[in-house]
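K.L.:
Just remember that this note's numbering sits 392 ahead of the position in the sequence shown, which is counted from 1.
All C-beta atoms in this analysis are idealised placements derived from N, C-alpha and C, irrespective of residue type, glycine included.
Since the model is a prediction, treat every value here as computed from it, not as a measurement.
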Amino acid sequence: MSLSTHIFKHETLTQAELWHLLWRTGFGANLENFQGLKEVSTAEVIDHIVTIQPESESFQTTESLLRDVALDTQNIDDLKAWWLYRMQRTANPLCEKLALMWHNHFATSYAKVGSVTHMFNQNELIRSHTLGDFQRMLHGMSQDVAMLIWLDGNANRKRSPNENFSREVMELFSLGVGNYTEDDIKEAARAFTGWHVRNEEFWFNTLQHDTGHKTVLGKTGNLNGGDIVDLCLQQESCARFLALKLLRTFVTFDPTNEEVIAVSESVQTHNFKIAAVMSELLKSAIFWKPEYQHSLIKSPLEFVMGTYRALDAQPNYVNAGRLLKALGQDLFEPPTVKGWEGGRQWINSTSLIQRMNFATSLLTTDQVGRLDRLDDLNVSIKSDSPSITQNWCEFLLGNTLEASILQQLDQSIAGKSSEQTRQRIHYILTLPDYQLM
């Protein structure tokens with residue numbers, strides 16, 4: 393079974409379907425997205441999403457200023473602000489969504505690396521391959537300075553091989569548990585000996601590299617680190633491992649074995665080219681299954697940045713970064729080498745209250761952001777329904793509420809005044825449904 397046998401048949405998307413697509417492939421959807429893509433065919437919308445779009449001049453100017461500030465100050469809060477700006481304002485939200493997925497995949501923490509420059513360079517390495525070739529990304533990551541510091545590359549010497557990177561490249565980066573042996577780990581560690589950092593750059597230390605024969609994943613020879621990466625990529629379990637990652641990020645946290653096989657075949661067919669795989673996945677019936685829509689719990693980043701994006705807010709990005717830390721998703725600070733677990737781990741009694749507090753703060757203070765365009769949005773959001781609340785529900789939730797609840801809300805919060813609009817939005821943002829996408 394291949395993904396191409398499950399092509400989604402609709403010619404154009406309803407607003408609910410467009411909402412599903414834009415939330416899954418980015419950080420929320422603003423009114424401009426809905427208005428600009430509503431009459432475009434499904435295939436054209438998806439092709440647009442998986443194709444790199446030119447960024448606006450204003451985006452490039454602000455992005456470069458925020459980047460330079462972070463690199464000059466070497467303050468990790470400034471680097472977080474730079475990335476949050478990109479997430480909200482980019483013309484390529486899928487790239488940023490994938491960059492976040494790979495950041496979690498190659499989980500590296502500033503707490504140990506200690507360099508904003510190295511964390512920035514790793515982030516840019518990831519971004520350069522988000523819709524490109526996973527093979528090149530994995531090879532690049534094996535020589536990335538932040539990664540080498542994070543996994544103790546300089547401690548990997550021929551007389552005492554350090555297994556940290558060889559273990560993670562198999563367990564977490566390419567194959568998954570059960571698809572390698574402990575001997576594979578030990579022998580691969582020898583192949584990576586001498587892959588060090590010197591003068592803040594990757595350095596192949598020939599004096600500390602083991603040139604002897606090693607046997608890894610069934611192959612014997614004078615293998616080096618690059619050979620190990622290639623061997624991992626050649627295993628069938630690698631495509632399956634990546635398929636599961638993509639499905640859990642974009643479709644469902646619990647895919648069927650049949651669905652994993654279909655995506656893994658796409659990964660192999662397209663030789664790890666992510667844009668082609670994502671195009672097939674988004675056009676497949678798997679992505680559009682009714683039971684998978686509104687089934688993923690929004691991560692803190694998706695919840696916060698999606699709200700900013702939908703309401704066209706002007707965030708305080710530094711404060712937003714601190715809020716995300718409190719919510720459990722601290723950028724550039726994943727909790728372990730396994731990253732954030734996601735799913736139901738995102739929601740507990742404390743984090744749910746913090747999400748509600750964010751909604752209240754955004755709508756009543758300027759602490760986490762300003763809502764300068766709320767009145768304009770209120771005028772622009774139109775629907776066939778006479779219910780103002782339903783109009784906002786369709787925009788923010790992708791669906792609506794029961795008729796009796798809508799009627800009560802329209803009676804208790806009547807009119808389109810600025811205060812009533814904020815009350816209406818606050819109610820929607822605190823609904824359990826708003827925690828899902």
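#1: List, from N- to C-terminal side, the alpha helix (DSSP H) runs of 4 residues or more that fit wholly inside the segment 518 to 565.
#2: Here's a check: name, in chain order, each residue in its chain whose Cβ is nearer than 6 Å to the Cβ of F787, leaving out the five neighbours to either side.
#3: Let me check understanding here. Comparing Cα to Cα, which of A702, L744 and V710 lies closest to L769?
#4: Taking the beta strand (DSSP E) that T612 falls in, what are its first and last residues?
#5: Entirely within the segment 681 to 755 and at least 4 residues each: give me those alpha helix (DSSP H) ranges in chain order.
#6: How about A473 and L458: are their beta carbons less than 8 Å apart?
#7: Assuming H588 is part of the beta strand (DSSP E), what are its boundary residues?
#8: Whole angstroms are fine: how far does the CA of E555 sit from the CA of Q445?
#9: Looking only at DSSP bridge pairs, what is R762 linked to?
#10: I want to know whether the segment 588 to 604 touches the segment 540 to 548 - three or more CB-CB distances under 8 Å.
#11: To which residues of the same chain is G618 closer than 7 Å at the C-beta, ignoring the five residues directly before and after it?
#12: Could you tell me the distance, in whole angstroms, from the CA atom of N708 to the CA atom of D758?
#13: By the 10 Å Cβ neighbour count, where 16 or more other Cβ atoms means buried, how is S671 classified, buried or exposed?
#14: According to DSSP, is K430 helix, strand or coil?
#15: Starting from V608, trace the alpha helix (DSSP H) both ways and give me its first and last residue.
#16: Buried or exposed for S566, please, with buried defined as at least 16 other CB atoms from any protein chain shown within 10 angstroms of its CB.
#17: According to DSSP, is S809 part of a helix, a strand, or is it coil?
#18: How big is the Cα-Cα spacing for T822 and V537?
#19: Can you tell me where the alpha helix (DSSP H) holding E650 begins and where it ends?
#20: Using the Cβ count rule (16 or more neighbours within 10 Å means buried), how would you classify Q535?
#21: Of all the beta strand (DSSP E) runs that stay within the bounds of the segment 449 to 502, which reach a length of 3 or more residues?
#22: According to the Cβ coordinates, are A718 and Q737 closer than 8 Å?
#23: Is the separation between the beta-carbon of H686 and that of L828 shorter than 8 Å?
#24: Starting from F642, follow the alpha helix (DSSP H) in both directions and report where the run begins and ends.
#25: Which one of A806, Y684 and T482 has the shortest CA to CA distance from H412?
#26: Whole-angstrom Cβ separation of T417 and L486, contact assumed at under 8 Å?
#27: Where do the N-terminal and C-terminal ends of the alpha helix (DSSP H) with F787 fall, by residue?
#28: Give every residue of the same chain whose Cβ lies closer than 7 Å to the Cβ of L634, excluding the five residues on either side of it in the sequence, and list them in chain order.
#29: Below 7 Å CB to CB, which residues in the same chain sit around G735 once its five sequence neighbours on both sides are set aside?
#30: Spatial neighbours of T598 within its chain, please: CB distance less than 8 Å, with the 5 preceding and 5 following residues excluded, ordered by chain position.
#31: Which same chain residues, not among the five before or five after N548, have their C-beta less than 6 Å away from its C-beta?
#32: Under the rule that 16 or more other beta-carbon atoms within 10 Å means buried, what is F664, buried or exposed?
P.N.:
Working from what's here:
#1: 526 to 534, 537 to 542 and 556 to 563
#2: If you number the sequence shown from 1, residue 787 lands on position 395. So the list reads I773, once near-sequence residues are dropped.
#3: The residue given as residue 769 occupies position 377 in the sequence shown. Nearest of A702, L744 and V710 to L769, Cα basis: A702.
#4: Sequence index remark: in the sequence shown, residue 612 carries index 220 (1-based). Note, T612: beta strand (DSSP E), K611 to G613.
#5: 692 to 702 and 709 to 719
#6: Along the sequence shown, one-based indexing puts residue 473 at 81. Along the sequence shown, one-based indexing puts residue 458 at 66. Contact: yes.
#7: Counting from one through the sequence shown, the residue named residue 588 turns up at place 196. Start and end: W587 to R590.
#8: The sequence position of residue 445 within the sequence shown is 53, counting from 1. The sequence position of residue 555 within the sequence shown is 163, counting from 1. Distance between the alpha carbons of Q445 and E555 is about 41 Å.
#9: The residue labelled residue 762 in the question sits at position 370 within the sequence shown. Per DSSP, Q706.
#10: Taking one beta carbon from each stretch, the segment 588 to 604 and the segment 540 to 548 have 3 or more pairs nearer than 8 Å; the two touch.
#11: In the sequence shown, the residue the question calls residue 618 occupies position 226. Answer for G618: H531, listed in chain order.
#12: In the sequence shown, the residue the question calls residue 708 occupies position 316. In the sequence shown, the residue the question calls residue 758 occupies position 366. The straight-line gap from Cα to Cα measures roughly 8 Å.
#13: Working through the sequence shown from its first residue, we reach residue 671 at position 279. Per the 10 Å Cβ criterion, buried.
#14: For the purposes of this step, residue 430 is taken as the residue at position 38 of the sequence shown. In the structure shown, K430 sits in coil (DSSP, three-state: anything other than H, G, I, E or B).
#15: For the purposes of this step, residue 608 is taken as residue 216 along the sequence shown, with counting starting at 1. Not the alpha helix (DSSP H): V608 falls in the beta strand (DSSP E), residues K606 to V608.
#16: For the purposes of this step, residue 566 is identified with residue 174 of the sequence shown, where counting begins at 1. In summary, S566 is buried, with 16 or more beta-carbon neighbours lying within 10 Å of its beta-carbon over all protein chains present.
#17: Along the sequence shown, one-based indexing puts residue 809 at 417. S809: coil per DSSP, three-state reduction.
#18: Sequence index remark: in the sequence shown, residue 822 carries index 430 (1-based). Sequence index remark: in the sequence shown, residue 537 carries index 145 (1-based). C-alpha separation (whole angstroms): 42 Å.
#19: For the purposes of this step, residue 650 is taken as the residue at position 258 of the sequence shown. First-last of the alpha helix (DSSP H) with E650: N649 to T661.
#20: Taking the first residue of the sequence shown as 1, we reach residue 535 at position 143. Q535 is classed as buried because its beta carbon has at least 16 other beta carbons within 10 Å across all chains shown.
#21: For the segment 449 to 502, not a single whole beta strand (DSSP E) run of length 3 or above is found.
#22: Position 326 of the sequence shown holds residue 718. Position 345 of the sequence shown holds residue 737. It is not a contact, given that the beta carbons lie outside the stated cut-off.
#23: Counted from its first residue, the sequence shown places residue 686 at position 294. Counted from its first residue, the sequence shown places residue 828 at position 436. In this structure, L828 lies closer than 8 Å to H686 by Cβ.
#24: The residue labelled residue 642 in the question sits at position 250 within the sequence shown. Segment E628 to F642, the alpha helix (DSSP H) holding F642.
#25: Position 20 of the sequence shown, counting from 1, holds the residue named residue 412. Of the candidates A806, Y684 and T482, the one whose C-alpha sits nearest the C-alpha of H412 is Y684.
#26: Within the sequence shown, residue 417 is the residue found at index 25, counting from 1. Within the sequence shown, residue 486 is the residue found at index 94, counting from 1. With 8 Å as the limit, T417 and L486 qualify as a contact, their Cβ atoms being about 5 Å apart.
#27: Your numbering for residue 787 matches position 395 in the sequence shown. Annotation: the continuous alpha helix (DSSP H) that includes F787 extends over I780 to L788.
#28: Translated into the one-based positions of the sequence shown, residue 634 becomes position 242. Exclusion of the five residues before and after L634 leaves F526 and V659 as the residues of its chain whose Cβ lies within less than 7 Å of its Cβ.
#29: Along the sequence shown, read from residue 1 onward, the residue named residue 735 stands at position 343. F645 and I689.
#30: Against the sequence shown, residue 598 aligns to sequence position 206. Within the same chain, T598 has close Cβ partners G586.
#31: Your numbering for residue 548 matches position 156 in the sequence shown. These residues qualify, in order along the chain: N554, F584 and T585.
#32: In the sequence shown, the residue the question calls residue 664 occupies position 272. Buried, because 16 or more other Cβ atoms sit within 10 Å of the Cβ of F664.
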